[in-house]
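Protein chains in written order, with my numbering: chain A, 1 to 329; chain B, 1001 to 1329. Here the structure is laid out as structure tokens; the discussion comes afterwards.
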């Protein structure tokens, strides 16, 4: 029996709980019996060592009923095998996720996370700690949502040297750029529209200034390309200065403009910036999709595309990590 | 120490041998020490239980020096842990690969193959035999060359239900269609060109009649979608009847024409046929590339693209299978 703890119960945490509930039979076919023994949020927790009723947990509005022990105390006192860390990300401090992950590993639990902050802040430290403690550390959901990229590069392309990764890693920016081009609207017009549609946040700077893309790039550079990169190494330009006229000029030569995150091991740079992309190029992807091009020595260029966000999409990545850890066949 | 046997020593076999030679240090970092103890072709074999000198083997012209025991005898008499079966494919009989795989599994060896024939002919039987014997059966290289699709769907998307796979799975057909559209040439003009460039074979029917695409589709349907499909279940139309005028008509509506292989579990069909594809769609890929769209319940649509053929590209898939079997971290 695998005991699961979920730390963070916003959209992603709820998505994971739903999938663990509705797809229990399928998932147990891969990994055997499991139960969720703890769910926490910033206010407290739900605990049942015999296994929580996930449907009831999901139905609780605004997490009312979460009380008592908070995450750090839960890690100390509750018996679990794997922590699913899905609290909000902070790329500067890495907290509170970083502490949750370290303490969970310290007690010998496997960790799966969608939280970029801890990896941006302390990837090497976490990787070494996982190795020292003999636990698994999985983070497919930190980059590209449902789009497989970390396991794809580390497993499916194992034996290849990964030389360059270039990608559209932020769906909000890509939505804004796609609409600006198609509708000949200004940046601020599309931003308002995206905010109404909840595609952009009230404070959009994390996305539109390129910070989210840079955080993901650092994770890819460290985990897939072994580049020992930190957030400060990324040269970042956002999309806020792009004008409808730029699209017109680009379009005349059959190009579009996309926010491209590139980690280049050969030339030794990490960069997030708006770049010209030929209309037929796979990175000229539209809407909120993500795409990545992985340049290798044997396999040549491999491209992958998928939905970069969404509760079930992120849950998909988390569940695939869970299955990879415990798969029995 | 892992003992490897390579059955078949054409372009793919030689590509695998080169990669096992030049990237030995990297690969041994994942799986530990290995040596190649046997290489066979239709004329005979090279055997050295202490480990063959792969560079010498690769340099032998036209496999002169291959003599003595043939593959079936090698399987009986040589001690190996994993067979890499890369003999030419025959989608109707599955031979000679099918016998090689069955006999290798029978003696308890793991099997990695790029050979579509045995899987098209007897996927279920081989899967059951592998399970019964407790050996691994890996076949990433049978579909899409370097493009990861089987491990991507089975591992990276584990927990998802795969509902539809649609793909451009034959680089030769895609090259011909791309050139017909771009250069307004006829089918037979481009075919001659492709034959000169060795992109198409002297007898191109296996590719242009859709047989190769159908074989790959059967493998995807059985391995990823658990559809219990056979070659006869695929409705097949090739590309030989397509005219330059069709591209013109399609182009006027911003469509192109691609040979699409589709396995649809919901509607219960398997089909290979030329279809209209919007110019901006990921399956409107150009040249000899392959692309596949995987429709899932949680992750939505995932697209992957890569080089569909080539000795190092196919070797990449085979080596990633080898690493998956023996990975130690």
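For each residue, glycine too, the CB sits at the ideal point set by N, CA and C.
Exercise. Per DSSP, residue 1278(B) forms a beta bridge with which residues?
Worked result: 1255(B)
Exercise. Residues of chain A with CB under 8 Å from residue 1158(B), in chain order?
Worked result: 30, 319, 320, 323, 324, 327
Problem set entry | Residues near residue 312(A) in its chain [Cβ-Cβ closer than 6 Å; skip 5 each side] | 15.
Problem set entry | Straight-line Cα distance separating residue 10(A) from residue 60(A) | 12 Å
Problem set entry | Range of the contiguous beta strand (DSSP E) that encloses residue 1003(B) | For residue 1003(B), the enclosing beta strand (DSSP E) begins and ends at 1002-1007.
Exercise. What residue from 1319(B), 1164(B), 1265(B), 1245(B) has the CA that sits closest to residue 1020(B)'s CA?
Worked result: 1319(B)
Exercise. Can we say the segment 106-116 of chain A touches the segment 77-90 of chain A, given the rule of at least three CB pairs closer than 8 Å?
Worked result: The answer is yes - the segment 77-90 of chain A touches the segment 106-116 of chain A, with three or more Cβ pairs under 8 Å.
For this session: Would you list the residues sitting across from residue 1040(B) in a DSSP beta bridge?
Result: Under DSSP, residue 1040(B) forms a beta bridge with 1007(B), 1045(B).
For this session: Select from the segment 103-137 of chain A all residues with a C-beta closer than 9 Å to any C-beta belonging to chain B, and list them in chain order.
Result: Of all residues in the segment 103-137 of chain A, only 131 place a beta-carbon less than 9 Å from a beta-carbon of chain B.
Exercise. Are the C-beta of residue 1146(B) and some C-beta of chain A separated by less than 8 Å?
Worked result: yes
Exercise. Are any of the Cβ atoms in chain A nearer than 8 Å to that of residue 1002(B)?
Worked result: So no, residue 1002(B) is outside the interface.
For this session: Could you check what DSSP says for residue 322(A) in three-state terms: helix, strand or coil?
Result: helix
Problem set entry | Residues sharing a beta bridge with residue 305(A), DSSP | Beta-bridge pairing links residue 305(A) to 291(A), 1303(B).
For this session: Examine chain E for any beta-carbon lying closer than 8 Å to the beta-carbon of residue 1313(B), and answer yes or no.
Result: Note that chain E does not occur in the displayed structure, where the protein chains are A and B.
For this session: Please report how far the alpha carbon of residue 56(A) lies from the alpha carbon of residue 40(A), in whole angstroms.
Result: 14 Å
For this session: Kindly indicate if chain B contains any beta-carbon less than 8 Å away from that of residue 152(A).
Result: Chain B has a Cβ within less than 8 Å of the Cβ of residue 152(A).
For this session: Pick helix, strand or coil for residue 270(A), following the three-state DSSP scheme.
Result: In the structure shown, the three-state DSSP call for residue 270(A) is strand.
Exercise. At a CB-CB cut-off below 8 Å, which residues of chain A make contact with residue 1316(B)?
Worked result: 157, 159, 160, 296, 298, 299
Exercise. Which partner residues of residue 1137(B) appear in the DSSP bridge assignment?
Worked result: 1111(B)
Exercise. If you draw a straight line from the alpha carbon of residue 106(A) to that of residue 323(A), how long is it in whole angstroms?
Worked result: 22 Å
Exercise. At what residue ranges does the segment 48-134 of chain A contain a whole run of the beta strand (DSSP E), taking only runs of 3 or more?
Worked result: 82-85, 110-113
For this session: Can you tell me which of the three DSSP states residue 15(A) falls into?
Result: For residue 15(A), the three-state secondary structure derived from DSSP is helix.
Problem set entry | Alpha-carbon spacing of residue 261(A) relative to residue 270(A), whole angstroms | Approximately 8 Å between the Cα atoms of the pair.
Exercise. Quick one, which of 173(A), 5(A), 257(A) has its alpha-carbon nearest residue 103(A)'s?
Worked result: The option with the nearest alpha carbon to residue 103(A) is 5(A).
Exercise. By the criterion of Cβ-Cβ separation under 8 Å, what are the contact partners of residue 1026(B) in chain A?
Worked result: Neighbours of residue 1026(B) in chain A, taken as residues whose beta carbon is under 8 Å from its own, are 159, 161 in chain order.
For this session: Note down, in chain order, every chain A residue with its Cβ under 8 Å from the Cβ of residue 1302(B).
Result: 146, 147, 148, 304, 305, 306
For this session: Would you decide whether residue 100(A) is buried or exposed? Buried here means 16 or more other CB atoms lie within 10 Å of its CB.
Result: Burial call: buried.
Problem set entry | Any chain A beta carbon closer than 8 Å to residue 1023(B) | yes
For this session: Anything in chain A within Cβ reach of residue 1278(B), meaning under 7 Å, just list it in chain order.
Result: Under the 7 Å cutoff, chain A gives no residues; its nearest Cβ is about 11 Å from residue 1278(B).
Exercise. For the beta strand (DSSP E) that residue 1166(B) lies in, which residues bound it at each end?
Worked result: Per DSSP, residue 1166(B) belongs to the beta strand (DSSP E) from 1162-1168.
Problem set entry | Bridge-paired residues (DSSP) for residue 1261(B) | 1167(B), 1272(B).
For this session: Please report how far the alpha carbon of residue 92(A) lies from the alpha carbon of residue 47(A), in whole angstroms.
Result: 31 Å
Problem set entry | residue 1027(B) - containing alpha helix (DSSP H), residue span | 1024-1031
Problem set entry | 6 Å Cβ shell around residue 236(A) - same chain, five flanking residues per side excluded | Short of 6 Å from the beta carbon of residue 236(A), and not among the five residues preceding or following it, lie these beta carbons of its own chain, in chain order: 210, 214, 272.
Problem set entry | Closest by C-alpha distance to residue 1136(B), when choosing among 1109(B), 1157(B), 1200(B) | Looking at the Cα atoms, 1109(B) is the closest of the given residues.
Exercise. Which ranges does the alpha helix (DSSP H) cover as unbroken runs of at least 4 residues, wholly within the segment 1190-1241 of chain B, from first to last along the chain?
Worked result: 1205-1208, 1211-1223
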